[in-house]
Amino acid sequence: MAMNAFLYDVLAALFSFVVGIFFREIRARGSQHIPKTGPVIFVAAPHHNQFVDPLMLIRTARRRVGFLSAQKSMDRRYVGTFIKALGAIGVTRAIDIAVKLPARIWLPDPANAPDLLEAVPGSTGADVDFEHWAKLGKIAPGHSLLLVIPPAAGASGPGTDVTLEIAAVEGATRLRLRRAVTDTDVVTALLLPTGLAARVAPKVDYAQMYEAVYDRLHTGECIGIFPEGGSHDRSELLPFKAGAAIMALGAMEKYADLDVKLVPVGLSYFHAHRFRSRAVVEYGAPISVPREWVEMYRAGGADKRAACKNVLDLVQAAVANVTVTAPDYATLQVIQAVRRLYRPLNRKLTLVQKLELTRRLMRGYLHYKSDPRVKDLEQKVLYYNQLLRYHGLQDHQVERTAIGGMRALGLLMYRLALLTLMGLVALPGTILNAPIAVAASRISKRKAKEALAASTVKIEGRDVLATWKLLVALGLVPLVHILYTLLTWVVVRFVVQWPAPWTWFVPLFELTALPYLSLVAVSWGETGADIYKSLAPLLYSVLPTRWTSSHNLRQVRRQLERDLNDVVNDLGPTLFPDFKTFFLKDTEIPAAQQSAAGLQRVSSWVTSWLVQPAGAAAAAVSSSRSGLQLATSAVVARAANLVMAATSSASTSPSAETDQLDLTPFFVSAPHSHAASPTSTGVASPRSPTGAGSPRMPAPSSPSPARRVPVKDTGEESSDDDDGLVVVKAADVMKSAAAVVAAPSPSSPPAPVAVVANGVPAAAVADVPEPREAAV
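Per this note's numbering, the sequence shown starts with residue 229, numbered consecutively.
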């Protein structure tokens, strides 16, 4: 079925709007690689978000894309209608029409008969007879056996899918395969005494589907495909199917003048199933298919298979360069923690740069994982994560516990008042939309359980959660709003008995206002949630019983950050030639420029205005100054605040006598000196109060690292490095400011401080509690 351009554009605009509400931030990288004209095949992975993944490409590709969709999905009553309207091409998958084989099979003689499978003795019933099944057409030459190879001993996961082709039925309990089983893991699994469960699927004829794809490509349209074959929630990519290669080669074989481009697409989500999370869609350079491979494909036989393999290998390598994958979730969590701790150039990274940093850290870890320093850092990161869970803090909140007591108390009161304001504004919309949220949550969880039960590759079924949340919301939001409008009309018409004009005006006004009220609830509620998350470090700063604990935790983090930076900066250049220059590239508009251009959300601006000190706010108002002048003003204001703090007789930090070490299982007592960094801070393992038998993380003996210059303090919290950092470059002013900052304060705990002059970090200086500065 040909694509209806008008209908596609209308639905694309609608779904782009809906996806934009579900996600807080969506960034596209590499869009310049997409050819503006001509046939294109978008090869996207990983397929972590079922129906949401195609919508992400529709939103960011800027071309009409017709996706290949499972025929099973297109046959659904409501979902299928939208899928067909978006110009999708149906694909009948073998797994969707497979029938469970009521007998477990095994490989009795892998040495002499590696292509002969038998039913496990005792596992067959009276109705199991392969010859009888063959007469009924359930088993025939060309049919596929679908097996699930269990994970290796000690490993976790759902196992691996394997497809074997049946060549003949030899007796009531024997099946001859077209090719011998040679894979070691498959042979090992088939040698198990209990055998393996199997499903049988008839041979699927894809000729009609391929012809539809060839026709689309010949007219210069775009095709989207997810080569993994189905959505999943695993941390690694599933084996790619050969469909994309066959489409490109087949179309170029059929139409000699056709030049099909394959564009790799990487889909990366920060908590894919959560409402108001973040996503990055990255497009790689287009791949051209050499004419030599097309001729090999035309020749058929072994040459055809070789051509498909060449294209598939090329596509897999290109997709791997735009995705972040890990061998398991434990490794992925470690790398994400490392990414939060590693801060190149003391600057705030954009969302795209965070993704690239995660990708490079993963590659570096897999390349150097046998290095003793990397192994040691991995253990330290895991232990640091245990400390965070014990304290109930996130990594980005640790340094914020260093705020002085009185200032923290004032900031806490500000944010509590602000949280109350945000809650009151968001409350009406939240109450009105609560039934929708509850229904979406429950239905999506039920669908996840159903998808998990029917799948052999899913781990928890999270890949369907976002899809069903959106589908439920799309269906219920109009219905619920219409119901509220009807109830209002009944009240106005029959209970209050207002005159005729008001009987219609009030319900219509309500119907118009409800969507806006819902958007206000989302925006202000989101900011209120961020403020709520920011209260934990402030409570740590206010409560005297937590001062020593938070101080020790900061020391652990700073030492780990130093060790991590040393290792990454040492090994990084050996693996990435552009290691020292990559993060200097301005791939996106910096947050500071966005603030100056008025691109911040209104709620964020209100939060920032209410929370920031007057001096910092005054600096932010000076919009006529350049970014460098604003940065210089901020540093000078910081220096003045530090001088006042250093000379003040009122101490904002606890004394050694008043500090109570309430984390005995985690910390070993150490001198609490505020004049200089402690020379040793032992950290004990949670398994032993004394730390015996566990490695300790030594405290820093070197000067404190450089202090980061905060961009803003909106009270918002984020799990993705929400520390606003900039690199401040000034020659004379920065030197004088650094000299003032360098004066130690006897009443303040040590913390990292740095000023960058002429692109080079200045000497490390002591940390003094200070107010947040305005946006620079």
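In this text, a Cβ means the ideal position worked out from N, Cα and C, and glycines have one as well.
Cβ shell of residue i (< 8 Å), same chain only, five flanking positions each side left out
i	result
residue 489	263, 266, 267, 268, 269, 514, 515, 516
residue 248	254, 287
residue 486	267, 445, 446, 479, 480
residue 507	251, 253, 254, 255, 284, 495, 496, 497, 498, 500
residue 565	609, 612, 613, 623
Counterpart residues of residue i in DSSP-defined beta bridges
i	result
residue 584	Looking at the DSSP assignment, residue 584 forms no beta bridge with any residue, so it has no partner.
residue 804	Partner(s): none; residue 804 has no beta bridge.
residue 450	268, 293
residue 494	273, 510
residue 623	According to DSSP, which records beta bridges pairwise, residue 623 is partnered with nothing at all.
residue 527	DSSP lists no partner for residue 527.
residue 251	505
residue 388	377
residue 515	490
residue 372	393, 429
Backbone CA spacing between residue i and residue j [nearest angstrom]
i	j	result
residue 256	residue 244	13 Å
residue 231	residue 302	15 Å
residue 717	residue 710	10 Å
residue 322	residue 456	14 Å
residue 795	residue 555	22 Å
residue 625	residue 454	38 Å
residue 540	residue 672	34 Å
residue 641	residue 314	51 Å
residue 459	residue 730	51 Å
residue 238	residue 251	20 Å
residue 704	residue 448	38 Å
residue 475	residue 309	25 Å
residue 413	residue 467	15 Å
residue 916	residue 373	Since pLDDT at residue 916 reaches only 37, below the 50 mark, its modelled position is unreliable, and the value read off the structure follows with that caveat. Computed Cα separation, rounded: 52 Å.
residue 769	residue 623	16 Å
residue 452	residue 273	11 Å
residue 388	residue 416	13 Å
residue 746	residue 559	39 Å
residue 271	residue 617	39 Å
Option in the options with minimal Cα separation from residue i
i	options	result
residue 286	246, 374, 301	246
residue 290	241, 527, 250, 753	241
residue 363	399, 331, 457	399
residue 669	640, 408, 700	700
residue 570	771, 373, 785	785
residue 605	334, 790, 800	790
residue 1013	518, 278, 621, 495	Since the displayed the chain opens at 229 and closes at 1004, residue 1013 lies outside it and no answer follows.
residue 258	484, 452, 509, 469	509
residue 392	674, 359, 408, 277	408
residue 329	685, 346, 339, 336	346
residue 405	436, 434, 371, 438	371
residue 609	792, 761, 437, 737	792
residue 427	744, 682, 740	682
residue 599	798, 653, 588	798
residue 201	304, 410, 389, 378	The structure shown has nothing for residue 201, since the chain only spans 229 to 1004.
residue 594	553, 620, 579, 619	553
residue 695	586, 282, 780	282
Beta-carbon contacts of residue i that lie in its chain and below 7 Å, excluding the five residues immediately before and after
i	result
residue 368	362
residue 708	663, 664
residue 667	700, 704
residue 442	478, 479, 482
residue 563	554, 586, 589, 590, 593
Nonlocal neighbours in the same chain, by C-beta distance under 6 Å from residue i, ignoring five residues either side
i	result
residue 602	596
residue 689	676, 679, 680
residue 334	348, 418, 423
residue 628	765
residue 754	504
residue 800	807
residue 550	492, 494, 510, 512
residue 292	236
residue 470	536, 540
Near the ligand ZN: residue i beta-carbon under 7 Å from a heavy atom
i	result
residue 409	This structure lacks the ligand ZN; in fact it carries no ligand of any kind.
* **Segments assigned alpha helix (DSSP H), at least 4 residues, entirely inside the segment 757-784** => 763-770
* If you scan the segment 685-721 from start to end, which runs of the alpha helix (DSSP H) of 4 or more residues do you find wholly inside it? -> Counting only runs of at least 4 residues, the segment 685-721 fully encloses the following alpha helix (DSSP H) elements, listed from N- to C-terminal order: 693-718.
* Asked: What residue ranges within the segment 273-337 form continuous alpha helix (DSSP H) runs of no fewer than 4 residues, ordered along the chain?
  -> 280-288, 299-302, 307-313
* Asked: Curious, which full-length beta strand (DSSP E) runs of at least 3 residues does the segment 423-489 contain?
  -> 426-429, 450-453
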